[in-house]
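Asker:
In this note's numbering, the protein residues as written are 2 to 206.
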């Protein structure tokens with residue numbers, strides 16, 4: 002959460018680069034203001050955030066995303082105005098939490114991740130979209146899943162990743178990222194499938 006905030010306020014804080022981030026449970030969806038023909042920035046943001054927390058499981062996908070609060074029932078809209086909040090309304094002495102945004106972007110990312118059989122801390126992109134990411138981003142196609150590619154978030158070097166580390170304090174060096182993954186595997190002893198997927202697809206030997 003803090004990493005997203007720092008990137009959004011220190012690096013990509015104005016048009017046309019600004020970002021929109023929305024929390025769903027224990028995850029976030031980060032949406033660009035405009036369609037991005039090249040996906041280097043998307044991949045760099047994901048990598049910086051993964052290194053910042055020493056792991057995660059994001060997916061890079063595309064789709065629409067919009068404010069849907071105008072579609073809520075009138076009683077809910079009126080209650081939100083009454084309560085002075087756009088993300089919750091009172092249920093007597095209880096609370097109803099509202100999600101004012103929704104779209105196919107979130108659904109596409111979830112579907113893409115679900116399609117990937119590899120376990121572990123990995124960064125997934127559709128193989129068709131990986132062609133829109135520069136060769137600086139190391140990657141491997143998943144042999145057991147058609148049209149799924151995994152980007153090496155541990156070792157990839159790119160100017161945008163470095164900028165987020167230096168100017169926003171988000172991320173860590175490739176060497177430190179690898180050490181963090183190794184230390185986690187030793188200390189927490191995750192399942193073998195997690196270790197195998199994370200190490201194999203991020204070139205940790």
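Yeah, the Cβ is synthetic: ideal placement off N, Cα and C, and Gly gets one too.
Let me confirm a value: residue 31 is counted as buried when at least 16 other C-beta atoms fall within 10 Å, else exposed. Which label applies?
Answerer: Here residue 31 refers to the residue found at position 30 of the chain shown. Flag for residue 31 reads buried.
Asker: Considering only residues of the same chain and omitting the five flanking positions on each side of residue 56, which have a CB-CB separation below 6 Å?
Answerer: Sequence index remark: in the chain shown, residue 56 carries index 55 (1-based). Result list for residue 56: 122, in chain order.
Asker: Can you pull the DSSP bridge partners for residue 24?
Answerer: Taking the first residue of the chain shown as 1, we reach residue 24 at position 23. Bridge partners of residue 24: 29.
Asker: So what's residue 75 in DSSP terms, helix, strand or just coil?
Answerer: Translated into the one-based positions of the chain shown, residue 75 becomes position 74. Three-state DSSP puts residue 75 in a helix.
Asker: Just the Cα atoms here: how many angstroms apart are residue 134 and residue 168?
Answerer: Numbered from its first residue, the chain shown carries residue 134 at position 133. Numbered from its first residue, the chain shown carries residue 168 at position 167. Going from the Cα of residue 134 to the Cα of residue 168 covers about 23 Å.
Asker: Less than 8 Å separating the beta-carbons of residue 50 and residue 4?
Answerer: The residue labelled residue 50 in the question sits at position 49 within the chain shown. The residue labelled residue 4 in the question sits at position 3 within the chain shown. Contact flag set, yes.
Asker: Using the Cβ count rule (16 or more neighbours within 10 Å means buried), how would you classify residue 2?
Answerer: Counting from 1 along the chain shown, the entry for residue 2 is found at position 1. So residue 2 ends up on the exposed side.
Asker: Can you give me the Cβ contacts of residue 22 inside the same chain, cut-off strictly under 6 Å, excluding the 5 residues immediately before and after it?
Answerer: As a first step, residue 22 must be located in the chain shown, where it is residue number 21. For residue 22, where only same-chain residues beyond five positions count, the Cβ hits under 6 Å are 5, 29, 31.
Asker: Exposed or buried, what is residue 72 when buried is set at 16 or more other beta-carbons lying within 10 Å of its beta-carbon?
Answerer: Mapped onto the chain shown, residue 72 falls at position 71. Exposed, because fewer than 16 other Cβ atoms sit within 10 Å of the Cβ of residue 72.
Asker: Who are the Cβ neighbours of residue 118 in its own chain at under 8 Å, not counting the five residues just before and after it?
Answerer: Within the chain shown, residue 118 is the residue found at index 117, counting from 1. The answer, listed in chain order, is 143, 145, 146.
Asker: Excluding the 5 residues preceding and the 5 following residue 199 in the sequence, name in chain order all residues of the same chain whose CB lies nearer than 6 Å to its CB.
Answerer: If you number the chain shown from 1, residue 199 lands on position 198. Hits under 6 Å: 121, 122.
Asker: On a CA-only basis, which of 188, 163, 38, 116 is nearest residue 12? Give me that one, please.
Answerer: Translated into the one-based positions of the chain shown, residue 12 becomes position 11. Taking only the C-alpha atoms, the option nearest residue 12 is 163.
Asker: Compare the Cα-Cα distances from residue 9 to each of 42, 65, 190 and report the closest residue.
Answerer: Within the chain shown, residue 9 is the residue found at index 8, counting from 1. Of the candidates 42, 65, 190, the one whose C-alpha sits nearest the C-alpha of residue 9 is 42.
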